[in-house]
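Structure first, commentary second.
2 protein chains.
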Amino acid sequence: MTSIEQYKDHDRFLLAVDCIIFGFDGKNLKALFIKRRLEPEFGKWSLMGGFVNHNESVEQAAARVLNLLTGLDNIYMEQIGCFGDVDRDPGGRVVSIAYFALINIADYSETLMKEHNAKWFSIDKIPALVFDHKKMLLLAKERLQQKVANHPIGFELLPEKFTLRQLQNLYEAIYGSELDKRNFTRKILSLSILNKLEEKDKESSRKGSFYFVFDEKKYKKLEAEGVKFI
Amino acid sequence: MTSIEQYKDHDRFLLAVDCIIFGFDGKNLKALFIKRRLEPEFGKWSLMGGFVNHNESVEQAAARVLNLLTGLDNIYMEQIGCFGDVDRDPGGRVVSIAYFALINIADYSETLMKEHNAKWFSIDKIPALVFDHKKMLLLAKERLQQKVANHPIGFELLPEKFTLRQLQNLYEAIYGSELDKRNFTRKILSLSILNKLEEKDKESSRKGSFYFVFDEKKYKKLEAEGVKFI
DNA sequence: ACAAAAGTGTTGTCTGTACACCCATGC
DNA sequence: GCATGGGTGTACAGACAACACTTTTGT
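Chains as they are written, first to last, in this note's numbering: chain W, 2 to 231; chain Y, 2 to 231.
Encoded structure:
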C-alpha cells in the first residue's frame, strides 16, 4: 500500500493494541496480565498487546492479539480509546489503541496462558503495570460499568447456564457494591430475557438453585426501547 | 526519537485526527465541515482534520487542528475513538482518531472559516461526507447525547449568559425531541448550578426573560454524587 | 434436627410526566 | 387592548429501595 503525493510528507508511527481482558470467577471480577518479555520494562506486569500490521485493521489486530493469548475467537470486544502521549512508552513513540474484552474464565487455553506468563488478578488487587496501562484498565472498568448497566454483555463473562446468584455476584463484582437479592431477582426476571431451565446447580447449596440461560431473541425485541439492567 | 531494538521491525502508519465540531445557533445543533482541498475526494465535504506529528501527542494534534480552523484555544474536546479500517482512506493507509469539540458558535473566526471553506450544517441536514466521516459524526452525536445527560458540557455551546429557553432549545436540539417547559425548568433549577442574573434578554419577547450563568463551583460540589441533567 | 443457601411480597418514597393558566410588556 | 413568549403548581403513575421469613435438602 502506498500513499498518494499529498500524504507523503507526514510522520509515521508504530501502532499498538492493548487488551484489557476481563473474567469472572464466580466471586471476583478479574483482569488478565502478562509478564512483559520485551525491553523496556522487561519482567513487569503488562496488558497483553501487540503491534498493528499494515494488512489488518486495528480491530483485527486486537482480535489477533486476544486469540494469541486465549486461543479464543469471536471474543466480545470493545474499543476504549487511543492513548497517544508522546512519552507514554519509553521504548519509542508508540500510539496504542486499548480494547477491553470479556471472556468466560473457564474457556481460555491453559497452555497459551503459561506460554505467555499470564495471570488473573482481582480487579481490586491489581499489581503495578507498565506505561499507562493502569490508566487503560481504570477507563476499561468504567466503560464496562456503564455498558453493563444497559446492555446484556455481562453474560459474556458467565458460562452458558448460570444461577441468579451467580449473575448477581457478577453485577456486584463489577460495581463493587452489594445488591438486594429480592430486588435484583425481580428486576432481572421482569425483563423476560432469561429462560429458566429445569436443571439445578447442586454445587452451591443442598436445596440447589435453578439454572438460567440468556435468551438473545427475547432481548433483541426489547433492545430498541432501551433496556435498563441495573 | 528512536525505537529500541525490539520495536524496529514493525509497520508504521500515518496517523490523523478528525474533529467533529459542534455548535448551536439558538435553534439547531450544527456541525462544521470543510471542503476538502486534498486528493483524493478533492472538493467533497469533510471533517476538519490533519496529520499527527512526531513531536506532539494525539490530543495535542487535535487541539492544533481545532485551533487552525476556529482560532480558539482551550476548546472542550473529547476523544471518540480510533478508526482503523485498512481501506477507510483510498489515498493510503491512514488511521484516524476522531474527536468531538463543542464551541460557542459566536466565537469562531470568520476569516479562518472562509480560508478553509468551512460551513455549518444542521445536524439533521448533513451532506455526503468523505471516507468514514459520517460514521464518526454519528458516533460523536451519540456520545454527545450520553455525555450531556450527566455532565454540564452543554454550556460550552452557549454564550456565557443564556435564558432557560435557550438552554431548553439546546437540549431539544441535541436529543431531537421536545421537552416540557415546566418540567425542564424545575429539574434544571433544582440542581442549583445556575445563577440567575438581574439582567433580562429582551430580544426574544416583550416581557423579557432572565439570563442565567453556569456556576462551576456549585457544580463541582455535586459532581461526586453523579448529577442527572436530563 | 440443623445448617446453609434458595426463593419469595409488601410498603413507602421518590422521580418522572402530563397538563393549563396568568403575567409582563411593546406595539 | 392585544399578541407574544415568560413563568409557575399539582396530581397521578411507575420505579426504586428497604425490609424478613419460609422452603428445601444433605448431612
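Yeah, the Cβ is synthetic: ideal placement off N, Cα and C, and Gly gets one too.
Assignment of Y:Ser210 by DSSP, reduced to helix, strand and coil, places it in the strand class. In this structure, W:Lys36 lies away from W:Gly24, with their beta-carbon atoms at least 7 Å apart. Taking the Cβ atoms as the reference, W:Ile194 lies roughly 5 Å from W:Lys219, within the contact range of under 8 Å. For the pair Y:Arg89 and Y:Phe132, the CB atoms are nearer than the 7 Å cut-off.
Comparing alpha carbon positions, the residue from W:Ile21, W:His152, W:Gln80 and W:Asn54 closest to Y:Tyr8 is W:Asn54. Within the same chain, Ile98 and Tyr100 come within 7 Å of Y:Gln80 by CB-CB distance, once the 5 residues on both sides are set aside. The Cβ atoms of Y:His134 and Y:Leu70 do not sit closer than 7 Å to each other.
For the region 85 to 102 of chain W, the set of positions with a beta-carbon nearer than 8 Å to some beta-carbon of chain Y reads Gly85, Asp86, Val87, Gly92, Gly93, Arg94, Val95, Val96 and Ile98 in chain order. Listed in chain order, the beta strand (DSSP E) runs fully inside the region 98 to 183 of chain W are 119 to 123 and 162 to 164, counting runs of at least 3 residues.
In the three-state scheme derived from DSSP, where H, G and I count as helix and E and B as strand, W:Val96 is classed as strand. Taking 8 Å as the upper bound for CB-CB distance, Y:Ile76 and Y:Met49 are not in contact here, some 12 Å apart.
Counting only unbroken stretches of 4 or more residues, the alpha helix (DSSP H) elements lying wholly within the region 53 to 79 of chain W are 59 to 71, in sequence order.
For Y:Glu217, the enclosing alpha helix (DSSP H) begins and ends at Glu217 to Glu224.
Here W:Phe185 is near W:Gln169, since their CB atoms are less than 7 Å apart.
Rounded to the nearest whole angstrom, the C-alpha separation of W:Pro128 and W:Phe122 is 8 Å. Around the Cβ of W:Arg94, a 10 Å sphere holds 16 or more other Cβ atoms; the residue is buried. Taking a beta-carbon distance threshold of 7 Å, Y:Leu16 counts as an interface residue toward chain W. In the DSSP assignment, W:Glu200 falls within the beta strand (DSSP E) that extends over Leu195 to Asp202. Here the C-alpha atom of W:Glu173 lies approximately 19 Å from the C-alpha atom of W:Val214. Comparing alpha carbon positions, the residue from W:Lys142, W:Val149 and W:Ile104 closest to W:Asn68 is W:Ile104. Our two residues, W:Val149 and W:Phe230, have alpha carbons roughly 7 Å apart in a direct line.
Burial is judged here by how many other beta carbons sit within 10 angstroms of a residue's own beta carbon; W:Gln147 has fewer than 16 and is exposed. Each of Y:Lys31, Y:Asp10, Y:His11 and Y:Ala107 was checked against the Cα of Y:Leu139, and the nearest Cα belongs to Y:Lys31.
For W:Lys142, the closest C-alpha among the options W:Ser110, W:Ile154, W:Tyr176 and W:Gln167 is that of W:Tyr176. Sequence-distant Cβ neighbours of Y:Asn29 in its own chain, meaning closer than 6 Å and more than five residues away, are Ser123 and Ala174. In the DSSP assignment, Y:Val18 falls within the unbroken beta strand (DSSP E) covering Arg13 to Phe25. Exposure of Y:Leu223 is indicated by the presence of fewer than 16 other C-beta atoms within 10 angstroms of its C-beta. Between the beta-carbon of W:Ile106 and that of W:Asp26 there is about 6 Å, and that keeps the pair under the 8 Å contact cut. Residue state for Y:Phe84 is assigned as strand, using DSSP reduced to three classes.
DSSP links W:Ile189 through a beta bridge to no other residue.
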